[in-house]
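Single-structure report; data block below.
Number of protein chains: 2
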Amino acid sequence: MVHVVLDAMGGDNAPEEIVKGAVDALASSDSITVTLCGRRADIEKALEGLDYPKDRLLIENADDVITTEEAPVMAIRRKKDSSIVKGLTLVKEKKADAFVSAGSSGAILVGGQLIVGRIKGVERPPLAPLVPSTTDKGVSLIIDCGANVDARSSHLVQFAKMGSIYMEHVIGVTNPRVAIVNIGAEEEKGNMLVKETFPLLKICPDINFIGSIEAREIPNGGADVIVCEAFVGNVILKMYEGVGKMMLKTIKGALMGSFTGKLGGLLIKPSLKGVMKTFDATEYGGAPLLGLNGLVVKVHGNATSKEVANAIRQCETFKQQNISQRIADKINIKDA
Amino acid sequence: MVHVVLDAMGGDNAPEEIVKGAVDALASSDSITVTLCGRRADIEKALEGLDYPKDRLLIENADDVITTEEAPVMAIRRKKDSSIVKGLTLVKEKKADAFVSAGSSGAILVGGQLIVGRIKGVERPPLAPLVPSTTDKGVSLIIDCGANVDARSSHLVQFAKMGSIYMEHVIGVTNPRVAIVNIGAEEEKGNMLVKETFPLLKICPDINFIGSIEAREIPNGGADVIVCEAFVGNVILKMYEGVGKMMLKTIKGALMGSFTGKLGGLLIKPSLKGVMKTFDATEYGGAPLLGLNGLVVKVHGNATSKEVANAIRQCETFKQQNISQRIADKINIKDA
Numbered sequence: 014m015v016h017v018v019l020d021a022m023g024g025d026n027a028p029e030e031i032v033k034g035a036v037d038a039l040a041s042s043d044s045i046t047v048t049l050c051g052r053r054a055d056i057e058k059a060l061e062g063l064d065y066p067k068d069r070l071l072i073e074n075a076d077d078v079i080t081t082e083e084a085p086v087m088a089i090r091r092k093k094d095s096s097i098v099k100g101l102t103l104v105k106e107k108k109a110d111a112f113v114s115a116g117s118s119g120a121i122l123v124g125g126q127l128i129v130g131r132i133k134g135v136e137r138p139p140l141a142p143l144v145p146s147t148t149d150k151g152v153s154l155i156i157d158c159g160a161n162v163d164a165r166s167s168h169l170v171q172f173a174k175m176g177s178i179y180m181e182h183v184i185g186v187t188n189p190r191v192a193i194v195n196i197g198a199e200e201e202k203g204n205m206l207v208k209e210t211f212p213l214l215k216i217c218p219d220i221n222f223i224g225s226i227e228a229r230e231i232p233n234g235g236a237d238v239i240v241c242e243a244f245v246g247n248v249i250l251k252m253y254e255g256v257g258k259m260m261l262k263t264i265k266g267a268l269m270g271s272f273t274g275k276l277g278g279l280l281i282k283p284s285l286k287g288v289m290k291t292f293d294a295t296e297y298g299g300a301p302l303l304g305l306n307g308l309v310v311k312v313h314g315n316a317t318s319k320e321v322a323n324a325i326r327q328c329e330t331f332k333q334q335n336i337s338q339r340i341a342d343k344i345n346i347k348d349a
Numbered sequence: 014m015v016h017v018v019l020d021a022m023g024g025d026n027a028p029e030e031i032v033k034g035a036v037d038a039l040a041s042s043d044s045i046t047v048t049l050c051g052r053r054a055d056i057e058k059a060l061e062g063l064d065y066p067k068d069r070l071l072i073e074n075a076d077d078v079i080t081t082e083e084a085p086v087m088a089i090r091r092k093k094d095s096s097i098v099k100g101l102t103l104v105k106e107k108k109a110d111a112f113v114s115a116g117s118s119g120a121i122l123v124g125g126q127l128i129v130g131r132i133k134g135v136e137r138p139p140l141a142p143l144v145p146s147t148t149d150k151g152v153s154l155i156i157d158c159g160a161n162v163d164a165r166s167s168h169l170v171q172f173a174k175m176g177s178i179y180m181e182h183v184i185g186v187t188n189p190r191v192a193i194v195n196i197g198a199e200e201e202k203g204n205m206l207v208k209e210t211f212p213l214l215k216i217c218p219d220i221n222f223i224g225s226i227e228a229r230e231i232p233n234g235g236a237d238v239i240v241c242e243a244f245v246g247n248v249i250l251k252m253y254e255g256v257g258k259m260m261l262k263t264i265k266g267a268l269m270g271s272f273t274g275k276l277g278g279l280l281i282k283p284s285l286k287g288v289m290k291t292f293d294a295t296e297y298g299g300a301p302l303l304g305l306n307g308l309v310v311k312v313h314g315n316a317t318s319k320e321v322a323n324a325i326r327q328c329e330t331f332k333q334q335n336i337s338q339r340i341a342d343k344i345n346i347k348d349a
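So the sequence lines, in the order shown, correspond to chains A and B.
Per our numbering, the first sequence starts with residue 14, numbered consecutively.
Per our numbering, the second sequence starts with residue 14, numbered consecutively.
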């Protein structure tokens, strides 16, 4: 059994799509319980007409909402009755296993650390989204893409360990290949942080470190766990989005310019939908914030019910595989 | 008149494609002179059968070649008779205006600084390639993508000035929009370097600073001059390449899966070629190393004659527009 608290008020499509995602997840597995956290009246309205198991869908009232415009630290400290603070508190108090939200990234990251708290030994909890790549599983993990910039080498070594555990036990990659983002393949290349981290990863006994990776090799499946500091991770993540969108726009524009193009465009439409699915982040559920005393998952601000349902199912695997305990065990091993 | 020294030995396709690029550039403009620098016998062999103006194509013999495997600083110091060292020396001695090479990036960057030397006041010469974007001109400048990592805020301010001059006078963008790469749009976001640089750019009188840019907005034409430190610039550049390649591979694979897909694929082929052209870096010539006492241009290692010819023509515009003098004038103005 896994008990997931879902922020019913977070994201562009709240509460309807969030609530629908919860109902879909409940229908797909008997071992999931969901607590919807937010304004009771809004949640009940969104539930109207939907069919769901009453004993496994609970409501925790929270009158306040933290918006994406608010300064995260201030919002977490002041809005004690918000869906994010109340939801995270349920995880902290072990009344629930996981918290899922499409709301303010900043508030979720800050709240996860301040309220749920870090596993003993974890210096920084990284945010680790999956991105499409040509690996066997079709995805790679970028760790860290969070709000913690200016990382130290010891943080990156912990990211490598936590990312390996996640890819092995949640995604099912055997002996995941770990690489550090660099501007060249050679060990002597890189900025100060990479030069400092590289030798530490090399002697780290718990991971399958394969060396540096240049950014072009990330979509090409060059590694399963892509270690970098959050600023770089953020750039990687957003370049996926930006280049993907630009290419499709350019292709569309090119096809509309000629009759054969238009005809061909109609014929390839079904196949292109398959391609879009590959680039569709909703397929992979949300991005976990790793290293906390409980699971916190950030889903996209524009998440639909499908992404929400996938994120809830991801929490089930996370609990079944005992990821937090595995992280606690590995993080406190002293390296050789 | 512009006199360009071309490294005939650099790159995967040397000397044939390099020499052919020189001949093509000479055919396109009467005011270009090219000195091919490298092994005379190899160059003469590559010239066999080609038609070119003998008075505007010279050969400077250089018996040695610096390979991409060699440590740049060591190679520049020791291989005095290499095409890179001899070519750069011609620029330093004002016997030529520009040096173009598809050879070792590291050696070109190091050699540019050590041999040609910086314009007085320039702290660091940035490498600034053009990338495809949906701006009016179809390109944006990423500055810096060089080998100088761990930049300071004063470097980034200089990059913004030099990039503006280049985009305005070489590419023809009126009042180019300058933005700094960041992980959010707000001024208070970012790592230490960005937080330190942002207010300096804000008060810089010579540029049209529009604030932060998230990576996803770069392909989307969010700014003309994209300021960042070299590690981040390298990641942006290589993500273009990686995501672009992966998408085309995925689209191709999807089309081959069905009959209508195959048929549609045949029909869209001519249009797709147009798209590929947009993503074809060879269209834009090479990446200039800005801020030196003369122009140094790096073209891709796998450059064809087309890219080489474009890079040579770029040198002509650079000289006509007096870019080095403009940089010298602006870099030494103290900011308000």
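Using N, Cα and C, we set each Cβ at its ideal position, and we do this for glycine too.
| Item | Value |
| --- | --- |
| Applying a beta-carbon distance threshold of less than 7 Å, which residues of chain B neighbour D163/A? | N204 and M205 |
| Looking at C-beta atoms only, is the number of pairs between the segment 88-105 of chain A and the segment 29-46 of chain A that lie closer than 8 Å three or more? | no |
| Taking C-beta pairs closer than 8 Å, name the residues in chain B that F172/A reaches, listed in chain order. | In chain order: nothing, as chain B lies at least about 16 Å away. |
| Report yes or no: is there a C-beta of chain A within less than 8 Å of the C-beta of K251/B? | yes |
| Cβ atoms of G124/A and I89/A: under 8 Å apart, would you say? | yes |
| Where V170/A and E242/A are concerned, what is the direct C-alpha to C-alpha distance, given to the nearest angstrom? | 11 Å |
| Can you tell me the Cβ-Cβ gap for V256/A and Y253/B, rounded? I've got them flagged as a contact below 8 Å. | 6 Å |
| Just to confirm my understanding: we take S167/B, look at its own chain, exclude 5 residues before and 5 after, and list those with CB closer than 8 Å. What are they? | E136 and L213 |
| In terms of residue numbering, what span does the beta strand (DSSP E) encompassing E254/A cover? | Element bounds for E254/A: not the beta strand (DSSP E) but the alpha helix (DSSP H), A243 to M269. |
| Would you kindly work out how many angstroms separate the C-alpha atoms of N74/B and V144/B, rounded to a whole number? | 34 Å |
| What three-state label does DSSP hand G124/A in the structure shown? | helix |
| So with CB distances below 8 Å, who are the chain A contacts of R229/B? | K251, M252, E254, G255 and K258 |
| T147/B touches chain A at which residues, Cβ-Cβ below 9 Å? | M259, K262 and T263 |
| For the beta strand (DSSP E) containing C50/B, name the first residue and the last one. | I45 to G51 |
| Closest Cβ-Cβ distance between I281/B and chain A: below 8 Å? | yes |
| If contact is defined by three or more beta carbon pairs under 8 Å, each pair taking one atom from either stretch, is the segment 175-188 of chain A in contact with the segment 147-166 of chain A? | yes |
| Got a sec? Which residues, its chain only, sit under 7 Å from Q334/A by beta carbon, not counting five neighbours each side? | H182 and V183 |
| On the DSSP letters alone, give me the boundaries of the alpha helix (DSSP H) that S117/A sits inside. | Run containing S117/A: none; DSSP gives neither H nor E here. |
| Taking the Cβ atom as the reference point for each residue, do P340/B and L303/B lie within a distance shorter than 8 Å? | As written in the sequence, residue 340/B is Ile, which differs from the Pro given in the question. Contact: yes. |
| Compare the C-alpha of A324/B against each of A35/B, N204/B, R190/B and L60/B and name the closest. | A35/B |
| Select from A84/A, I79/A and G51/A the residue whose C-alpha is nearest the C-alpha of L71/A. | G51/A |
| If the criterion is Cβ atoms closer than 8 Å, does the pair V194/A and V245/A meet it? | yes |
| In chain order, what residues of the same chain have a beta carbon less than 8 Å from the beta carbon of T147/B, not counting five sequence neighbours either side? | P232, N233 and G234 |
| Is V245/B close to chain A, meaning its C-beta is less than 8 Å from at least one C-beta of that chain? | yes |
| Do I97/A and A120/A come within 8 Å of each other at the CB atom, strictly closer than that value? | yes |
| If you measure beta-carbon to beta-carbon, which residues of the segment 60-75 of chain A are closer than 8 Å to chain B? | none |
| Taking the DSSP output, what are the residues bridged to R190/B? | N221/B |
| With a cut-off of 8 Å, does the C-beta of N306/A fall near any C-beta of chain B? | no |
| Of all the CB atoms in chain B, is at least one closer than 8 Å to the CB of I239/A? | no |
| Any idea which residues DSSP pairs A300/A with across the strands? | K311/A |
| Spell out whether any CB of chain A is found under 8 Å from the CB atom of G151/B. | no |
| Which two residues bound the contiguous alpha helix (DSSP H) that contains H168/B? | S166 to Y179 |
| Check whether the segment 18-34 of chain A touches the segment 314-321 of chain A, counting contact only when three or more Cβ pairs, one atom from each stretch, lie closer than 8 Å. | yes |
| DSSP has H182/B in a bridge; who is on the other side? | None, per the DSSP bridge assignment. |
| Does the CB of S284/A have a neighbour CB from chain E at under 8 Å? | Absent from the structure: chain E. Protein chains present are A and B. |
| Can you tell me which of K92/A, Q327/A and A111/A puts its alpha carbon nearest to the alpha carbon of S41/A? | Q327/A |
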